[in-house]
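>
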Amino acid sequence: MFSQRSQDAAAATHYRSERVSAVNGQYFFATREGTLEGPYFTRVDAEREIAMYVRRQLQGDDIIESRTFADHHGLVGH
1 MFSQRSQDAA AATHYRSERV SAVNGQYFFA TREGTLEGPY FTRVDAEREI AMYVRRQLQG
61 DDIIESRTFA DHHGLVGH
């Protein structure tokens, strides 16, 4: 799945790669933002954390979007 995130400035081609890496028996995952998250004890743990990471990123985007909408439409109480 290739998609443009709302914060991406311009369309770009993203190549899917293996997100989970094992280093010295510990598991990590790489993010689009260029961070390496971990360590996790198992690949299953790392994959579960990927899903949670994505969910947090989407929730953060939703919060920013709703605040921006409220600010632009005078819905913020002062």
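Per the UniProt record's numbering, the sequence shown starts with residue 1, numbered consecutively.
C-beta atoms are modelled at their ideal positions from N, C-alpha and C, and glycine is treated no differently.
#1: Along the chain, where does the beta strand (DSSP E) that runs through Gly38 open and close?
#2: Going by alpha carbons, who is nearest to Arg32 out of Ile50, Phe41, Thr68, Glu65?
#3: Taking Cβ positions, are Arg48 and Ala30 nearer each other than 8 Å?
#4: Bridge partners of Val20, per DSSP?
So, from the listed chains and residues:
#1: In the sequence shown, the residue the question calls residue 38 occupies position 38. Looking at the DSSP string, the run of the beta strand (DSSP E) that includes Gly38 is 36-40.
#2: Working through the sequence shown from its first residue, we reach residue 32 at position 32. Cα-wise, what sits closest to Arg32 is Ile50.
#3: Reading the sequence shown from its first residue, position 48 is the one you call residue 48. Reading the sequence shown from its first residue, position 30 is the one you call residue 30. Not closer than 8 Å, so no.
#4: Looking up residue 20 in the sequence shown gives position 20. According to DSSP, which records beta bridges pairwise, Val20 is partnered with Phe29.
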